[in-house]
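The working numbering numbers the first residue of the sequence shown as 1 and each following residue consecutively.
Just so you know, even glycine gets a beta-carbon here, dropped at the ideal spot from N, CA and C.
On a predicted model such as this, the values are computed, not experimentally measured, just so you know.
Let me begin by presenting the structure, written as structure tokens, before commenting on it.
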Amino acid sequence: MASSSLINFNLFPSKPLHHQLIKISKPILSSSHFNPPSLSSINHRFRPITYPILPFHSAPKLIFHVRAQKEYSAGDPSQTQEDFSWSSVIFPFLFPALGGLLFGYDIGATSGATISLQSPELSGITWFNLSAIQLGLVVSGSLYGALFGSLLSYAVADFLGRKRQLITASLLYLLGGAITAYAPELGVLLAGRLLYGLGIGLAMHGAPLYIAETCPSQIRGTLVSLKELFIVLGILLGYFVGSFQISAVGGWRFMYGFSAPVAVLMGLGMWALPASPRWLLLRAVQGKGSFQELKEKAIFSLSKLRGRPPGDKESERQIEETLISMKSAYADQESEGSFLEVFQGPNLKAFVIGGGLVFFQQITGQPSVLYYAGSILQSAGFSAASDATKVSVIIGIFKLLMTWVAVLKVDDLGRRPLLIGGVTGIALSLVLLSAYYKFLGGFPVVAVAALLLYVGSYQISFGPISWLMVSEIFPIRTRGRGISLAVLTNFASNAVVTFAFSPLKELLGADNLFLLFGAIALVSLLFVIFSVPETKGLSLEEIESKILN
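Structural data, given as structure tokens:
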């Protein structure tokens, strides 16, 4: 372990563009002991020289040269190097992240679409008089679809691969959004909502997988957390589209249909990206195709992802090292694990960590707290609270800002500090909300502060960090099935909290309900402290060998 660290950064703007390379410890596809600072800290100190960014697959890219060195007490300082171009990092993040944006958009758009759909004057339909059950099916239709999508991911994720899974998700987004927008009757609308939800289930499984497996490890936390930022951006986009279309006749059709062109962009972008090198190597090790052909595809894929010439020596060396590591890890195992393997040994440990985080993410009451946002702000005298759309936008903007804080700090501070600090804030905010409804009703500022504390604490902890940990904690052998189970756990617990909220509120009252959520938050804090490891700066192979084994 390191007893002292020395990090030096040198930029060389005088070098030709194609010679300005990022130099980092070992290849990203192999184990490394490099624990770099966040990109934000680098950008804060240096002003990069900018050049036009050309298409990512064919031209020279904007690249920097950074040297990082870390001293270790066990011996001489070790230094390894990794080359990648920034434009080639951006696109493999952006197009999968659009899957998260479309998930968030559905949440935001539905809040306005349900109002438009039930309006006798503005719905533009004759079947606007929906029952409570019918309206509930409209709202939760995508949630049911996401549950089925998670189950589908478990069965086909490792067969399809990350790239084809995200392309399939984009097609389901497109079909679901288009069918919902042009629905002539309720049954067709519900079918469209179910298809869209299937897309959510596949995208929320495939996006973190693809990003984590293709990006450099020193910015993995930043990029996977940025996917959560895209979800919040999608919610805000849905709110804004809803606010502009809420007064239009048939505005709900535009709200749902607006997702279609974004889905097309996501699908075309994923089509242009290479397959995950790690997935290709996993198929090779498992004997799921020609070993040499899959290995060559992995080398080509990594070259393209790092902005290097096709089949370059550096990519070949990285693939060779990763292949040796994977062969060693699976030498004594079957070519493909059994259905129950994800519940055994290191895989079970990974599922407890990842599944536990997304489970506590939901059962600490996040949907319920936001349910009370309007009434809390209104009690504090905010005039905007009378307008549900404006309140949603206010909360959405605050969520966006706090998520950005997590993005900037996750690769600097690490996962555990953000989780521990954020979950502590969640527990405190829930106790304050309970106290407000019990005996502090005359002090609405307490409720507003508690609400903002909850939203902010959630967005720097459970919001982005849970999905980041899920994307990196599972062993490569069972990663596809493990993440699909974690996604299923997330949506299932979301459904339980959503449907149990009303009867629990009636049975316990708002004060005791928030107190119950606060107690659950304390349990989740203990879970984080004693069960969740730190993965900052570790490659995916290192996480598997050092933490799970």
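Beta-carbon gap between residue i and residue j smaller than 7 Å
{"i": "A406", "j": "S225", "result": "yes"}
{"i": "P277", "j": "S301", "result": "yes"}
{"i": "W252", "j": "S116", "result": "yes"}
{"i": "I179", "j": "G192", "result": "yes"}
{"i": "V496", "j": "I353", "result": "no"}
{"i": "G480", "j": "D106", "result": "no"}
{"i": "V487", "j": "L419", "result": "no"}
{"i": "F514", "j": "L430", "result": "yes"}
{"i": "G242", "j": "A109", "result": "yes"}
{"i": "Y454", "j": "V369", "result": "yes"}
{"i": "G100", "j": "F230", "result": "yes"}
{"i": "S290", "j": "Q361", "result": "no"}
{"i": "G145", "j": "L468", "result": "no"}
{"i": "S217", "j": "T364", "result": "no"}
{"i": "E228", "j": "P464", "result": "yes"}
Cβ distance (whole Å) where residue i is taken to contact residue j below 8 Å
{"i": "L198", "j": "F148", "result": "6 Å"}
{"i": "G177", "j": "Y239", "result": "Not confirmed; about 17 Å, so no contact."}
{"i": "L273", "j": "F530", "result": "Contact flag wrong, Cβ pair sits at about 39 Å."}
{"i": "Y173", "j": "Y196", "result": "6 Å"}
{"i": "I98", "j": "T214", "result": "The sequence as given places Leu at residue 98; Ile does not occur at that position. Contact flag wrong, Cβ pair sits at about 15 Å."}
{"i": "S457", "j": "S153", "result": "Going by Cβ atoms, the distance from S457 to S153 rounds to 30 Å, so no, they are not a contact pair."}
{"i": "P208", "j": "V410", "result": "Actually they are not in contact, since the Cβ atoms of P208 and V410 sit about 14 Å apart, beyond 8 Å."}
{"i": "F93", "j": "L223", "result": "5 Å"}
{"i": "G482", "j": "A350", "result": "6 Å"}
{"i": "V89", "j": "T114", "result": "Rounded, the Cβ-Cβ distance is 39 Å, inconsistent with contact."}
Chain-order list of residues whose beta-carbon lies under 8 Å from that of residue i (same chain, five-residue window excluded)
{"i": "I319", "result": "L29, P277, L281, K295, A298, I299 and L302"}
{"i": "V446", "result": "L432, A435, Y436 and L440"}
{"i": "R47", "result": "The predicted model places R47 with a pLDDT of 37, which falls under 50 and marks its position as unreliable; any figure quoted below should be read in that light. Counting only Cβ-Cβ distances below 8 Å, and skipping sequence neighbours, we find nothing."}
{"i": "P346", "result": "P475, E544, L548 and N549"}
{"i": "L143", "result": "G197, F491, N494, A495 and T498"}
{"i": "M270", "result": "F95, P96, K163, L166, I167 and S170"}
{"i": "E506", "result": "none"}
Neighbourhood of residue i by C-beta distance below 7 Å, restricted to the same chain and skipping five residues each side
{"i": "V249", "result": "L122 and G124"}
{"i": "V232", "result": "G104, G396, K399, L400 and T403"}
{"i": "I543", "result": "E472, I473 and T535"}
{"i": "L175", "result": "L195"}
{"i": "G550", "result": "In the structure as shown, the chain begins at 1 and stops at 549. Residue 550 is therefore absent and cannot be evaluated."}
{"i": "S58", "result": "Bear in mind that the predicted position of S58 carries a pLDDT of just 38, short of 50, making it too unreliable to give a figure here."}
{"i": "Q459", "result": "K399, M402, T403 and A406"}
{"i": "F128", "result": "L117, Q118, S119 and P120"}
{"i": "E376", "result": "At residue 376 the sequence reads Ile, which differs from the Glu that was named. Counting only Cβ-Cβ distances below 7 Å, and skipping sequence neighbours, we find A447, V448 and L451."}
{"i": "L151", "result": "L488"}
{"i": "Q366", "result": "Y458"}
{"i": "L504", "result": "L513"}
{"i": "E316", "result": "I299"}
{"i": "T478", "result": "G337, E341, V342 and N347"}
Cβ neighbours of residue i in the same chain (closer than 6 Å, five flanking residues each side left out)
{"i": "G414", "result": "E534 and K536"}
{"i": "S170", "result": "A263, M266 and G267"}
{"i": "G141", "result": "L190, R193 and L194"}
{"i": "K438", "result": "D511"}
{"i": "F462", "result": "Q361"}
{"i": "D76", "result": "Low confidence applies to D76: its pLDDT is 33, below 50, so where it sits in the model is not reliable, and the reading given next is rough at best. Closer than 6 Å at Cβ, skipping near neighbours: no residue."}
{"i": "T126", "result": "none"}
{"i": "A181", "result": "R253, Y256 and G257"}
{"i": "I235", "result": "G104, I107, G108 and G396"}
{"i": "L237", "result": "Y105"}
{"i": "N43", "result": "Any answer about N43 is weak, because its pLDDT of 40 lies below 50 and its placement is not dependable; what the coordinates show is given next. Cβ within range, chain order: n/a, list empty."}
{"i": "G509", "result": "none"}
C-beta neighbour in chain B for residue i, strict 7 Å
{"i": "L294", "result": "Absence of chain B from the displayed structure is noted, only one protein chain being present."}
For the stretch 417–426 against the stretch 514–526, do three or more pairs of beta-carbon atoms, one drawn from each stretch, fall closer than 8 Å, so that the two count as touching? Enough Cβ pairs lie closer than 8 Å, so yes.
Evaluate the contact criterion for the stretch 303–311 versus the stretch 202–212: three or more CB pairs, one atom per stretch, below 8 Å. When Cβ pairs closer than 8 Å are counted between the two stretches, the stretch 303–311 is seen not to touch the stretch 202–212, the count staying below three.
Below 8 Å, can you find three or more Cβ-Cβ pairs linking the stretch 182–191 to the stretch 134–148? In short, these stretches touch, since the Cβ pair count reaches three.
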